[in-house]
Amino acid sequence: MNKLKNNRFYIFKSLALLGFTFIMSCGVAKSKYLVSSKTIENKLNAAKGKGILFGHQDDLAYGIGWKYVEGESDVKRVAGDYPALFGWELGGLELDHSVNLDSVPFNKIRELSIKAHNLGGINTYSWHPYSVIDSISAWTKDADVVRHIIPGGSHHEAFKKQLDKVAVFFKSLKTADGKQIPFIFRPWHEMDGNWFWWGSKQCTPSEFKKFFKFTIHYLREIKGVDNMLSAYSPDSRWNTLEDYYSWYPGDAYVDIMGMDNYGLSKENGTEEAIRKLHMIIIEAKSKNKFAALTETGLENVTDNTWFTNKLGPVLQDPIVAKELSYVMIWRSDEKVHFFFPYPGHPAAADAKKLLDKPEILLLNDFVKIQNN
Ligand code: BMA
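Be aware that the sequence shown starts at 46, since it is given in our numbering, and climbs by one per residue.
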């Protein structure tokens, strides 16, 4: 009798456990996004050949007509899902400001970066610091900064203090259980232009390389930021591979080879972008690195078919579609400075049409790939 009772008890317990497991697994299966703690290399490798991750700068922070609204995103509003890659800007951190140079609080950037990571996405950071020499902003044509802040320069120690603050921020990007989240750092971009104090007219290629190398070395080796991939991204002023490599700091300091390109609407703009991406892709492949279109867009989306007619042909080029890891559209500030359309904008349907293509990966597509 007792044995029977015991048996019944065990059967009941097992059924209850089974039921609980079933309910839990249904819950998990139904949830659209799953936490993924894989390294960025693994995540990018998982997506290789399956599609291109679609990214947007400041996506979770603000868009047209909203700011810091939980769960919002202009990409989601228009295309039904979040981007797979999230860009953020760190300018102002070096001055202990509480908000970045676009007025986004660093606490928000941290919170939303962690959220993006927990949803299964990838974060990438740019940094446009004020110069340590005279506190001029990153946008200056006549500064002589780099020479003074590389090792041996008069302001090298001051520059290290700026980097210390960046390291503190990066190390504060942790999940609830205390694990550091991996991310991409893309410093000193568009160096082939002459609008930043690290631009091609403001320092020599050799100074630039020392500068880039030191930045990555210091963060990784001295500050222990060891969960970071680094991206090299000139603008599109370069023409030949030799030009592209003019500022390349060396394989040990670059994980992602890319370019920014805001010229897709120019005459032959898409063809030129494809030509250059092919060069980058071949190089990246031969070095076992990733290739990316690190920034693009059309300010205020003044062409209602820019997404399918300009960006689309670039991303759908067979080599690009197979080999490019990600593309990132620049931020959507107010109505005078946005690069992704908002609901009701005449280009919204066209952007959705491109983003609906199977070879363009939004967050849910990316998470499914990671979980396979
Ligand atoms: C530029 C513009 C600026 C912004 C900067 C850093 O391209 O969007 O308004 O301050 O990037 O995010």
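In this text, a Cβ means the ideal position worked out from N, Cα and C, and glycines have one as well.
*With DSSP collapsed to three states, give me the class of Val365.*
helix
_the ligand BMA and His382: does any heavy atom of the ligand fall closer than 8 Å to the residue's C-beta?_
yes
_Three-state secondary structure assigned by DSSP to Pro358_ = helix
*asked:* Quick check: is any heavy atom of the ligand BMA less than 8 Å from the C-beta of Asp104?
replied: For the ligand BMA, no non-hydrogen atom lies closer than 8 Å to the CB of Asp104.
_For Val177 and Val190, what's the separation of their Cα atoms in angstroms?_
8 Å
_Output needed for Ile501: all residues of its chain with C-beta closer than 8 Å, excluding positions within five of it in sequence on either side, in chain order._
Because the chain spans 46 through 417 in this model, residue 501 falls outside it and cannot be assessed.
*asked:* Could you check whether the Cβ of Leu138 sits closer than 8 Å to any heavy atom belonging to the ligand BMA?
replied: no
*Where does Ala396 land, buried or exposed, given buried means 16+ other C-beta within 10 angstroms?*
buried
*Does the beta carbon of Asp237 fall short of 8 Å from some heavy atom of the ligand NAP?*
This structure lacks the ligand NAP; the ligands present are the ligand BMA.
*asked:* Once the 5 residues before and after Pro196 are set aside, which same chain residues still bring their CB inside 8 Å of it?
replied: Excluding sequence neighbours, Pro196 sits near Lys255, Phe259.
_Cut-off 6 Å between Cβ atoms - residues of its own chain near Asp126, not counting five sequence neighbours on either side_ = Leu407, Leu408, Asn409
*From the DSSP output, in three-state form, read off Thr66 for me.*
No answer about Thr66 holds up, because its pLDDT of 37 lies below 50 and its placement is not dependable.
*Option in Phe352, Pro403, Gly342, Pro358 with minimal Cα separation from Trp375*: It is Gly342 whose Cα lies nearest to the Cα of Trp375.
*Three-state class that DSSP yields for Phe57 in the structure shown*: Because Phe57 carries a pLDDT of 43, less than 50, the predicted location of this residue cannot be relied on, and no value is offered for it.
*Per DSSP, Gln102 forms a beta bridge with which residues?*
Gly132
*Short check: CB of Thr315 to CB of Pro358, under 9 Å?*
Yes, they are a contact pair.
*Look at the Cβ atom of Phe99, then the Cβ atom of Tyr170, and state whether they are nearer than 9 Å.*
Not a contact, by the Cβ cut-off of 9 Å.
*Using the C-alpha atoms, what's the distance from Asp141 back to Asp288?*
The alpha-carbon atoms of Asp288 and Asp141 are separated by roughly 36 Å.
*At a Cβ threshold of 9 Å, is Gly198 touching chain D?*
In the structure shown, chain D cannot be found, because there is only a single protein chain.
*Straight-line Cα distance separating Ala188 from Gln415*: 45 Å
_Per DSSP, cross-strand counterpart(s) of Ala404_ = At residue 404 the sequence reads Glu, which differs from the Ala that was named. According to DSSP, Glu404 bridges with nothing at all.
*Taking all protein chains shown into account, decide if His382 is buried (16 or more other Cβ within 10 angstroms of its Cβ) or exposed.*
exposed
_Buried versus exposed, by CB contacts within 10 Å (16 or more), Thr220_ = exposed
*Could you have a look at Val372 and say whether DSSP puts it in helix, strand or coil?*
strand
*Would the beta-carbon of Ser146 be found less than 8 Å away from any heavy atom of the ligand BMA?*
One point to set straight first is that residue 146 is Leu, not Ser, in the sequence displayed. Using a cutoff of 8 Å, the CB of Leu146 counts as near the ligand BMA, since one of the ligand's heavy atoms is closer than that.
*So Met236 packs on Gly244, CB below 8 Å; how close in whole Å?*
Rounded to whole angstroms, the Cβ separation of Met236 and Gly244 is 6 Å, and the two are in contact under 8 Å.
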